[in-house]
């Protein structure tokens, strides 16, 4: 399939610009990929720019975008710009722009939280399936349960607005923790991700990490049969995958779980793609 992206800058309800791109025919049942904290849709470059990988993973119509406060999307400085309904409005704007009907939401890490926003605020719910990759299901006290001491220890530095050196060191350490062996990670990938992280000001990180979310509608969707797949690496340094399963299994009756072994890291998609290449 063709891998030339269709790029659009869409306007959300509050005027914030959201960067989005699609490969293939987004009018087919569509997969929307949402990246993790500090990063951008460019974190999925190795998937979107490699036709062999798109074929391996049976991706005919993938879409990716930069969440507000990240990458090439707008980064408003006021906390009010990071309320749950606006994250859902961003999603709605992308769906309209690409004329998407039904969505399989593929979230990586923090990107999983957006499914809770969509379920809470969009009617009818466009999401017909959820894939959690190394998931933070939603922002709230659950972070203290699913997050490892390593990732929780990064949060003060990521949100520090007075110590530039600390903020910078923390971002590098945060990116390192995405890999099982950071010193052996692909240099181009690692430096790209560090660069993406530097784009996000610490006050924006604070708003993103402390915003309020209500998972009630997400849970209702799960009880009503919305399917969920949980993928987690057993060597993940940021997320306790078994705790994610414990947290979500009471609410999702159609739940499938795959714990990926052999050194699978928080950057689980990178691990799986590397393992799948012929």
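Residue numbers (the working numbering): 37 to 314.
C-beta: ideal position from N, C-alpha, C; glycine also.
Since this is a predicted model, take the numbers as computed values, not measurements.
Asked	Found
Which of helix, strand or coil DSSP assigns to residue 221	coil
The region 170–181 touching the region 273–289, judged by at least three CB pairs closer than 8 Å	yes
Coil, strand or helix - residue 103 by DSSP	coil
Proximal residues to residue 305 (C-beta, below 8 Å), its chain only, five neighbours per side dropped	80, 83, 144, 169
Beta-carbon proximity check, residue 43 vs residue 55, cutoff 9 Å	yes
Residue ranges of each alpha helix (DSSP H) within the region 160–222, 4 or longer	179–182, 185–194, 200–212
Classification of residue 201 by the beta-carbon crowding that lies within 10 angstroms, buried from 16 upward	exposed
Chain-order list of residues whose beta-carbon lies under 6 Å from that of residue 93 (same chain, five-residue window excluded)	Only weak support is given to the placement of residue 93: the predicted model assigns it a pLDDT of 40, under 50, and the value that follows is read from those uncertain coordinates. Closer than 6 Å at Cβ, skipping near neighbours: no residue.
Cβ-based burial, residue 160 [other Cβ within 10 Å; buried from 16]	exposed
Separation of residue 166 from residue 187, as counted between CA atoms	24 Å
C-alpha distance - residue 100 paired with residue 134, whole-angstrom precision	11 Å
Beta-carbon gap between residue 267 and residue 296 smaller than 9 Å	yes
Top-ranked residue by Cα proximity to residue 119, from 263, 260, 261, 245	245
Bounding residues of the alpha helix (DSSP H) (the contiguous stretch that carries residue 17)	Nothing can be reported for residue 17, as the shown portion of the chain is limited to 37 through 314.
Proximity winner among 210, 194, 156, 242, relative to residue 257 (alpha-carbon distances)	156
Three-state class that DSSP yields for residue 268 in the structure shown	strand
Unbroken alpha helix (DSSP H) run spanning residue 155, endpoints	149–157
Backbone secondary structure at residue 314 - three-state DSSP	Its pLDDT being 44, under 50, residue 314 is placed unreliably in this model, and the value from its coordinates should be taken loosely. Correct three-state label for residue 314: coil.
Residue 177 versus residue 233 - alpha carbon distance	24 Å
Reduced DSSP category for residue 300 - H, G, I as helix; E, B as strand; rest coil	coil
Chain-order list of residues whose beta-carbon lies under 6 Å from that of residue 74 (same chain, five-residue window excluded)	233, 236
Between the CA atoms of residue 223 and residue 142 - distance to the nearest angstrom	25 Å
Pairwise C-alpha distance: residue 260 and residue 78	34 Å
Nonlocal neighbours in the same chain, by C-beta distance under 6 Å from residue 251, ignoring five residues either side	152, 174
Environment of residue 213 [buried if 16+ CB atoms lie within 10 Å]	buried
Where the beta strand (DSSP E) containing residue 34 begins and where it ends	Given that the chain is displayed from residue 37 to residue 314, the structure contains no residue 34 and the question cannot be resolved.
Cβ shell of residue 122 (< 8 Å), same chain only, five flanking positions each side left out	48, 49, 50, 52, 104
Per-residue burial, residue 249 [other beta carbons within 10 Å of its own, 16 or more giving buried]	buried
Cβ-based neighbour list, residue 239, same chain, cut-off 7 Å, excluding 5 preceding and 5 following	113, 197
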